[in-house]
Amino acid sequence: MLSTGLLSGAVAATFMTLVLLLLRYLFGTATPSELVGDRIAPLLGVDRFLELLNRFGGYNNLKQIGVMSVIGGQLVVGAIGGLMYAFVVERARAKPRADHTGRLFVVILVVLLWLVSVVLLWPVLGTSFVGLPPTTGTLANAFGLLAAYALYGLSLVLLYRALSAPAESGEQSPEMQPTARRAVLVAGLGAIFALAVGGILSRLYKLASFSYDGTRYKGADVQAITPNDRFYVVTKNVVDPDVTRSLWRLDVTGLVERPQVYRYEDLVAMPPVTQETTLRCISNQVGDGLMSNALWKGVPMKTLFEAAGMKPGAVEVRLHGVDNYTDTFAIEKAMEPTTLVVYEMNGEMIPPRHGFPVRVIVPGLFGEKNVKWVTRIELVDHDAKGFYEQQGWGPNFVVPTTARFDVPDDKQKIKMATAAAGVGLKGVAHAGNRGVSKVEVSLDDGQTWSEANIDHAQSAFAWVLWNYYWRPAQAGEYKLIVRATDGKGELQTEKERGTAPEGATGYHKVTAQIES
17 MLSTGLLSGA
27 VAATFMTLVL
37 LLLRYLFGTA
47 TPSELVGDRI
57 APLLGVDRFL
67 ELLNRFGGYN
77 NLKQIGVMSV
87 IGGQLVVGAI
97 GGLMYAFVVE
107 RARAKPRADH
117 TGRLFVVILV
127 VLLWLVSVVL
137 LWPVLGTSFV
147 GLPPTTGTLA
157 NAFGLLAAYA
167 LYGLSLVLLY
177 RALSAPAESG
187 EQSPEMQPTA
197 RRAVLVAGLG
207 AIFALAVGGI
217 LSRLYKLASF
227 SYDGTRYKGA
237 DVQAITPNDR
247 FYVVTKNVVD
257 PDVTRSLWRL
267 DVTGLVERPQ
277 VYRYEDLVAM
287 PPVTQETTLR
297 CISNQVGDGL
307 MSNALWKGVP
317 MKTLFEAAGM
327 KPGAVEVRLH
337 GVDNYTDTFA
347 IEKAMEPTTL
357 VVYEMNGEMI
367 PPRHGFPVRV
377 IVPGLFGEKN
387 VKWVTRIELV
397 DHDAKGFYEQ
407 QGWGPNFVVP
417 TTARFDVPDD
427 KQKIKMATAA
437 AGVGLKGVAH
447 AGNRGVSKVE
457 VSLDDGQTWS
467 EANIDHAQSA
477 FAWVLWNYYW
487 RPAQAGEYKL
497 IVRATDGKGE
507 LQTEKERGTA
517 PEGATGYHKV
527 TAQIES
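Residue 268 in the working numbering sits at position 252 of the sequence shown; the count goes up by one each step and never skips.
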């Protein structure tokens, strides 16, 4: 009978997994496979996190392994639950009220699994991929888990009963072993559930962020304003939120006299600010393309705080996204008129992958501080830690000055006949919210420097485009370097460091091969 319990538990767990995935697909409730990843990731430590990225070939692979591992764990736990149920039922079979004992065990098992899940996942249980406020999202996810676990328990009882019930016409032995036919039918039912799980997973995979997470914007065709569909993307999510605007709300809460709740229409009705600002990921290597520039339209965060009435003692703002991503920055930064809560990107509603309906723009700080899908802005009186801060990133998140080549590519070969007419060097430079005052190019590995032309310098918060016209005197290998000076007159640092924990620095260098 233990094998019967194992089979019943495995099939019931497959059905439970199907229910969880359907709830995710239809209603945006978070699955354990997503919540477990978000719960664990901030606790890993930055070195361990980067080690795992390298071991598994990047964030996308790590996400997929994490999801499938949790789903596999659900099936194993479900099968073990069936095994335990069979043991309890068979031990109690000779006693009065044996069925009552079995049902009581299942109730206890379901409640225990639910309580353990809620307690362990509580910090991330407010996730809602359709944009429900955090409190409502917590209730929706808790109810979804309870419903799925209850259906697991019910299906476990029914399947085990069907397999172990006496057969008609003397088919069963006195020991009441299930017939092969029933076992085949239950296994077939499990196969159907498994196929359905695969179908929903396939649909979710098509919606997943794998195809665009890590999008870079770099090369000869870089424009001053990055098109929305080419703007760089980095996301922690397997499937990004698809927010229903009518469900979404923005709470301004914490150390305020009058907590505020805004709908999308409320923000749009307020006096707007349009601001050109470049975002750069803290994971951007020197010369890489995890950096883009856009025109953002929205409302100063300061305006929202003034409406709420700040209480004394606030030191930081903590931002919450609908995907339960959190981040923080100092109250002084939040009160700068250039820190915006935005709802338009390049004249359009913000695309879903960039934070629809509303995100935050914080000039001068790395992209992780510019929280997408923001649903709560909370004033706190202590040094709070955001999602990646808990891993150990920071504590300095100020964007360092950088410059890069977009043309030529490293080790690009150029014919001397072409080079004699002139080679156009170009790229971008960025210095957070300090502006860029000068870009210089070296054609001899840093021995001498020449000032480049700046094509686009519309905002101190945005990158500039630069170009330099070069006529090499002869064929050979040339080591080219570019550097920038910010608006305060400070030259970017030549010191090389990696992305963790405060962002990469150093000069971008390429080699050009001039061939005769």
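We put the CB at the ideal spot given by N, CA and C, even for glycine.
Quick one: using the 10 Å Cβ neighbour count with 16 as the cut-off for buried, is residue i buried or exposed?
i           : result
residue 154 : buried
residue 135 : exposed
residue 149 : buried
residue 151 : exposed
residue 353 : exposed
residue 361 : buried
residue 348 : exposed
residue 404 : buried
residue 543 : The question about residue 543 has no answer here: the residues shown for the chain are numbered 17 through 532.
residue 464 : exposed
residue 517 : buried
residue 515 : buried
residue 253 : buried
residue 189 : Here residue 189 scores only 46 on pLDDT, less than 50, and its place in the model is too uncertain to base an answer on.
residue 545 : The requested residue 545 does not occur in the structure, where the chain is confined to residues 17 to 532.
residue 172 : buried
residue 292 : buried
residue 526 : buried
residue 411 : exposed
residue 159 : exposed
residue 280 : buried
residue 138 : exposed
residue 485 : exposed
residue 85  : exposed
residue 217 : buried
Pull up the DSSP beta-bridge partners for residue i, would you.
i           : result
residue 345 : 333
residue 316 : 356
residue 482 : 443, 470
residue 496 : 526
residue 502 : 452
residue 463 : Note: residue 463 sits in no beta bridge, so no partner.
residue 308 : 295
residue 326 : 272
residue 531 : 431
residue 513 : 521
residue 45  : 144
residue 457 : 466, 498
residue 507 : 501
Spatial neighbours of residue i within its chain, please: CB distance less than 6 angstroms, with the 5 preceding and 5 following residues excluded, ordered by chain position.
i           : result
residue 300 : 306, 307
residue 480 : 445, 452, 470, 472, 473
residue 142 : 150, 153, 154, 340
residue 534 : Because the chain here runs from 17 to 532, residue 534 falls outside it and cannot be looked at.
residue 186 : The pLDDT assigned to residue 186 is 46, lower than 50, so where the model puts this residue is not dependable; a value taken from the coordinates is nonetheless given after this. Nothing listed; no residue qualifies.
residue 461 : 495
residue 268 : 276, 320, 324, 393
residue 164 : 32, 35, 36
residue 133 : 161
For residue i, I'd like the list of residues in its chain whose CB is within less than 8 angstroms of its CB, leaving aside the five on either flank, ordered along the chain.
i           : result
residue 65  : 57, 407
residue 343 : 334, 335, 384, 385, 387, 402, 403, 404, 405
residue 69  : 75, 78
residue 503 : 447, 450, 451, 452, 453, 476
residue 202 : 23, 24, 27, 175, 178, 179
residue 318 : 350, 351, 352, 353, 355
residue 283 : 266, 314, 315, 357, 359, 374
residue 60  : 68, 407
residue 370 : 244, 247, 249, 361, 388
Write down the C-beta distance between residue i and residue j rounded to the nearest angstrom, noting that I regard them as a contact closer than 8 angstroms.
i           : j           : result
residue 213 : residue 39  : At roughly 13 angstroms, the Cβ-Cβ gap does not stay under 8 angstroms, so residue 213 and residue 39 are not in contact.
residue 41  : residue 334 : Not confirmed; about 30 angstroms, so no contact.
residue 491 : residue 432 : 5 angstroms
residue 98  : residue 26  : 7 angstroms
residue 309 : residue 240 : 7 angstroms
residue 380 : residue 331 : Residue 380 to residue 331, Cβ: 19 angstroms. No contact.
Near residue i, what residues of its chain come up, given a Cβ to Cβ distance below 7 angstroms and the 5 sequence neighbours on each side ignored?
i           : result
residue 528 : 424, 428, 430, 494, 496
residue 238 : 422, 444
residue 378 : 345, 349, 355, 385, 386
residue 532 : 432, 491
residue 440 : 423, 483, 485
Compare the C-beta of residue i with all C-beta atoms of chain D and state if any pair is closer than 7 angstroms.
i           : result
residue 111 : No chain D appears in this structure, which consists of one protein chain only.
Item to check | Runs of beta strand (DSSP E) lying entirely within the stretch 55-106, each at least 3 residues, in chain order | outcome: Entirely contained in the stretch 55-106, not one beta strand (DSSP E) run reaches 3 residues.
Next on the checklist: So within the stretch 357-435, which uninterrupted alpha helix (DSSP H) runs reach at least 4 residues, ignoring any that extend past its ends?
Outcome noted: 432-435
Checklist entry - Considering only residues of the stretch 122-209, which uninterrupted alpha helix (DSSP H) runs meet the minimum length of 4 residues and lie entirely inside it, listed in chain order? => result If we require 4 residues or more, the alpha helix (DSSP H) runs fully inside the stretch 122-209 come out as 150-180.
Checklist entry - Where in the stretch 225-289 do unbroken runs of the beta strand (DSSP E), each at least 3 residues long, occur, reported from the N-terminal end onward? => result 266-270, 276-278
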